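When we follow the UniProt record's numbering, the leftmost residue of the sequence shown carries the number 1, and every step to the right adds one.
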Amino acid sequence: MKKYVIGVDVGGSKLLYGLFDDQMRLVRVIQRPTDQELAPDALLDQIAAHIRELMRGAGVSAEEVRGVGAAFPSHIDFEKGVVLETADIYALNNVPVRDMLSARLGLPIFLDNDCNAAALAEHRLGAGRGYRHMIYVTVATGIGGGLILNGELYRGIHGSAGEIGHMFVSDSTGYPCGCGVTGCVESIASGANMAKYAMDRITDGCESRILDHAGTISRIDMVAVGKAFNENDPLAIEVVERGAEYLGRMFQSLYQIFDINIFVYGGGVMKLGERFTNRIIEAYRRHSQMEYKYPAKFLPAELGDNTTMIGAALLVK
Numbered sequence: 001m002k003k004y005v006i007g008v009d010v011g012g013s014k015l016l017y018g019l020f021d022d023q024m025r026l027v028r029v030i031q032r033p034t035d036q037e038l039a040p041d042a043l044l045d046q047i048a049a050h051i052r053e054l055m056r057g058a059g060v061s062a063e064e065v066r067g068v069g070a071a072f073p074s075h076i077d078f079e080k081g082v083v084l085e086t087a088d089i090y091a092l093n094n095v096p097v098r099d100m101l102s103a104r105l106g107l108p109i110f111l112d113n114d115c116n117a118a119a120l121a122e123h124r125l126g127a128g129r130g131y132r133h134m135i136y137v138t139v140a141t142g143i144g145g146g147l148i149l150n151g152e153l154y155r156g157i158h159g160s161a162g163e164i165g166h167m168f169v170s171d172s173t174g175y176p177c178g179c180g181v182t183g184c185v186e187s188i189a190s191g192a193n194m195a196k197y198a199m200d201r202i203t204d205g206c207e208s209r210i211l212d213h214a215g216t217i218s219r220i221d222m223v224a225v226g227k228a229f230n231e232n233d234p235l236a237i238e239v240v241e242r243g244a245e246y247l248g249r250m251f252q253s254l255y256q257i258f259d260i261n262i263f264v265y266g267g268g269v270m271k272l273g274e275r276f277t278n279r280i281i282e283a284y285r286r287h288s289q290m291e292y293k294y295p296a297k298f299l300p301a302e303l304g305d306n307t308t309m310i311g312a313a314l315l316v317k
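Here you go:
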């Protein structure tokens, strides 16, 4: 009886593999570094070898595995199983990963975007359990999301639904973004661009405890900003409130467009805690008419660092 599924979280710096039983209990997990220098064939050879290692270590044969789900930080053609475009692993652009990996393993393979996989995991097993409609949002180095409509993951016509980080929220603020827009929410309120704003303000002469925690301007990140924020440093508060304002606008637009009031949020920047999330919610409420009649729920994600890997495993039919 085929009782196991495998989930793979393919990241720009690490590869996370999980073996799950038929109750979605994690049996074994391994992590390996991503080798960005490998050509597609060599990289997929490596991923296949890691999957065999995962099964071998658990004493599970390929005959007992129903399939493998793999999630990428990429634009995916779900129906064709092709990685169309990726920001982290350029060698896989326009590569038919599903068929190539299936040929190596002799198993059914399912591919999707990492945020879609995370949304699926939180909806089925995490904070979104029991809700028919849900929007998942992650705020980390970038901003991403996934849409659950009528209990199902919605991918859109071209597989790019849920790219909420590129929602246009300002015509006067933001850094140039890879999407071609200056003024999308990612260009302002992502971890990378919030940190860049802090760098620019300090370069212009603003004094801040952020620099004490980072050491040098070039090493400023949201960890340093967060430490200074907890010390009530004025610039750190400015950085956080600026980001929260535009994230609030994003949530307002999402609610207005989809009429969905269940938001599950995760990502490294959200680890700034309630002082940050409360500011986001306050900004959202200032702009939202829907909130007065049908209040939204903002729910922290529950599945932690394994969320994408779990969602990848759930892709297996």
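Quick reminder that beta carbons are idealized off the backbone N, C-alpha and C, glycines included. These numbers come from a predicted model, not from an experiment.
Our contact map puts residue i next to residue j with C-beta atoms below 8 Å; I'd like the distance itself, whole angstroms only.
| i | j | result |
| --- | --- | --- |
| A312 | G7 | 4 Å |
| E122 | V10 | About 19 Å; that fails the 8 Å criterion. |
| F258 | I135 | 7 Å |
| L120 | L153 | 5 Å |
| L299 | A127 | 4 Å |
| S160 | Y246 | Between Y246 and S160 the Cβ distance is about 21 Å, and since that is not below 8 Å, they are no contact. |
| N150 | H133 | 7 Å |
Between the Cα of residue i and those of the options, spot the shortest distance and give me the residue it belongs to.
| i | options | result |
| --- | --- | --- |
| R286 | S253, D112, T34 and A70 | S253 |
| E63 | V5, H50 and F72 | V5 |
| T173 | G130, G159 and R242 | R242 |
| D77 | E163, N94 and A214 | N94 |
| D99 | G59, D45 and R56 | D45 |
| K196 | E85, H133, V181 and A236 | A236 |
| Y292 | L107, D204, I164 and N261 | N261 |
| E163 | V139, F110, M309 and G81 | V139 |
| E274 | A49, T308, F229 and D212 | F229 |
| L111 | A87, L16 and A71 | A71 |
| V27 | G59, L303, F276 and A48 | G59 |
| M309 | C179, K80 and C115 | C115 |
| M24 | R32, V240, L125 and V97 | L125 |
| D22 | G183, Q36, D35 and K2 | K2 |
| S218 | T203, E207, K227 and E231 | T203 |
| Q36 | T216, P96 and D88 | D88 |
| G178 | A42, T86 and E79 | T86 |
| L43 | T277, L101, C206 and Y17 | L101 |
| T34 | S13, C206, I281 and T216 | S13 |
Assuming residue i is part of the alpha helix (DSSP H), what are its boundary residues?
| i | result |
| --- | --- |
| D88 | That residue, D88, is in no alpha helix (DSSP H); it is neither H nor E in DSSP. |
| G191 | G191 to T203 |
| F258 | P234 to F258 |
| S74 | Element bounds for S74: not the alpha helix (DSSP H) but the beta strand (DSSP E), S74 to D77. |
| P40 | P40 to A58 |
| F229 | M222 to N230 |
| E291 | M290 to K293 |
| I148 | First-last for I148: I143 to L149, but that is the beta strand (DSSP E), not the alpha helix (DSSP H). |
| L153 | Counting along the chain, L153 falls outside any alpha helix (DSSP H), though it belongs to the beta strand (DSSP E) covering E152 to Y154. |
| A127 | A127 -> no alpha helix (DSSP H), and no H or E assigned at all. |
| I210 | R209 to A214 |
| L303 | First-last for L303: undefined, no H or E at that position. |
Return yes when the Cβ of residue j is within less than 7 Å of the Cβ of residue i, no when it is not.
| i | j | result |
| --- | --- | --- |
| G142 | S74 | no |
| V225 | R66 | no |
| P40 | A103 | no |
| M250 | M167 | yes |
| V137 | G145 | yes |
| A301 | G248 | no |
| D165 | V181 | Looking at the sequence shown, residue 165 is not Asp but Gly. Contact flag unset, no. |
| D233 | R209 | yes |
| I220 | A192 | no |
| I109 | V68 | yes |
| L105 | A48 | yes |
| M194 | V239 | yes |
| M290 | Y255 | yes |
| L19 | R32 | no |
Locate the beta strand (DSSP E) running through residue i, then write down its first and last residues.
| i | result |
| --- | --- |
| H287 | From DSSP, H287 is part of no beta strand (DSSP E) but of the alpha helix (DSSP H) over E274 to H287. |
| R28 | L26 to P33 |
| N113 | I109 to N113 |
| M270 | Run containing M270: none; DSSP gives neither H nor E here. |
| L101 | L101 -> not in any beta strand (DSSP E); alpha helix (DSSP H) instead, spanning V97 to L105. |
| L299 | K297 to P300 |
So who's on the other strand from residue i, going by DSSP bridges?
| i | result |
| --- | --- |
| K14 | P33 |
| A71 | D9 and D112 |
| L138 | Looking at the sequence shown, residue 138 is not Leu but Thr. In the DSSP output, where bridge partners are listed per residue, T138 has G144 and G266. |
| Y4 | V65 |
| V82 | D77 |
| L19 | I6 and R28 |
| C184 | F168 |
Could you tell me if the beta carbon of residue i falls within a distance shorter than 6 Å of some heavy atom in the ligand COA?
| i | result |
| --- | --- |
| Y131 | Of ligands this structure carries none, so the ligand COA is not represented either. |
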